[in-house]
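So for the sequence shown, the numbering used here puts the first residue at 4; every next one is plus one. All residues carry an ideal CB built from backbone N, CA and C; glycine is no exception.
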Amino acid sequence: MRDLADLILPRVCPVCRENLSGVEREICLDCLSSLPYTYFWSYKNNPAEELFWGKVYFQRASSLFFYGDDSPYRHLVHELKYNGRSGIGTLLGSMLGRRLKDSGYYNDIDFVVSVPVHPFKYWMRGYNQATIIAKAVAGELNVNVIKGALSKRAFASSQTKMDPENRWKNAVESFSLASASKVEGKHILLIDDVLTTGATLEACGSALLCADGCRVSVATLAFVE
Ligand SMILES: [Zn+2]
4 MRDLADLILP RVCPVCRENL SGVEREICLD CLSSLPYTYF WSYKNNPAEE LFWGKVYFQR
64 ASSLFFYGDD SPYRHLVHEL KYNGRSGIGT LLGSMLGRRL KDSGYYNDID FVVSVPVHPF
124 KYWMRGYNQA TIIAKAVAGE LNVNVIKGAL SKRAFASSQT KMDPENRWKN AVESFSLASA
184 SKVEGKHILL IDDVLTTGAT LEACGSALLC ADGCRVSVAT LAFVE
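Have a look at this one:
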């Protein structure tokens, strides 16, 4: 059936734009085998962790792969966020989760929390891409995703056109701890799709860290070079 469906409406690899074969899921095998892994999960004081130094204390920080301005791997996140291809989040989230688990650095995670999106964006997309990734990561770590720990305070205009300083201010104003009792004394793994300036994760992490005894680690699919 898959082959027949591919004839009628070919599925395309977001990275190279070639049609996917019947056995390929979301990304072609060539592009998957060339995924520019960060290997951040395997060592401390990595570039993801350095981003937060002096800002917020995270236990660990990691990302699955790199992309820069001209990298075709950017399209993976774009398709996930704006083109309904939630399967990309599930596939790459599982790959991220397996690496976090195998590293041994994430063994004491109690829950996974995803960075919230505004309800309007959720309604537009039909899903929160960070939650799709979070569910896949949590599945590999054998823990649950908890919902409703964080809330987005007000509509924050799209961050893509802002300079880093305004982006930071915008994000800081946007999140609050909705349920301290859920996260007190826990080690939370906070998930987002992309790590750029770290402002959004910093704002969410700072909100979570308001809960007594809470520790926070973060992980994303992509790390922007
Ligand atoms: Zn490809």
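Between the CA atoms of R14 and V26 - distance to the nearest angstrom: 11 Å
Closest Cα partner of N147 within the set L32, G107, V186, E82: V186
Test item: CB-CB of L153 and G100 under 9 Å: no
Check: D33 C-beta below 8 Å from any heavy atom of ligand 1: yes
Residue from A206, H190, S117, Y130 whose Cα sits closest to the Cα of R63: H190
Cβ-based neighbour list, L79, same chain, cut-off 6 Å, excluding 5 preceding and 5 following: P17, I91
Buried versus exposed call for F123 [16 or more other C-beta atoms within 10 Å across all chains shown]: exposed
Residue environment, C217, which counts as buried when at least 16 other CB atoms sit within 10 Å: buried
Alpha-carbon to alpha-carbon, T93 and I194: 13 Å
E21 Cβ short of 8 Å to ligand 1 heavy atom set: yes
Counted within 10 angstroms of its Cβ, other Cβ atoms place R102 as buried (16 or more) or exposed: buried
Pick from L23, C213, F178, L83 that is closest to G188, judged by C-alpha positions: C213
Own chain partners of V120 with C-beta closer than 6 Å, once the 5 adjacent residues on each side are dropped: N131
Simplified DSSP assignment, three categories, for A222: strand
Spatially closest choice to F226 from F43, G142, Y125, by CA coordinates: F43
Proximity test, Cβ basis, 9 Å: A225 and chain B: Protein chain content of the structure displayed is limited to a single chain, and chain B is not contained in it.
Check whether T223 and S66 have beta carbons under 9 Å apart: yes
Rounded straight-line distance, which links the Cα of S117 to that of S209: 14 Å
Beta-carbon spacing of P39, F69 below 9 Å: yes
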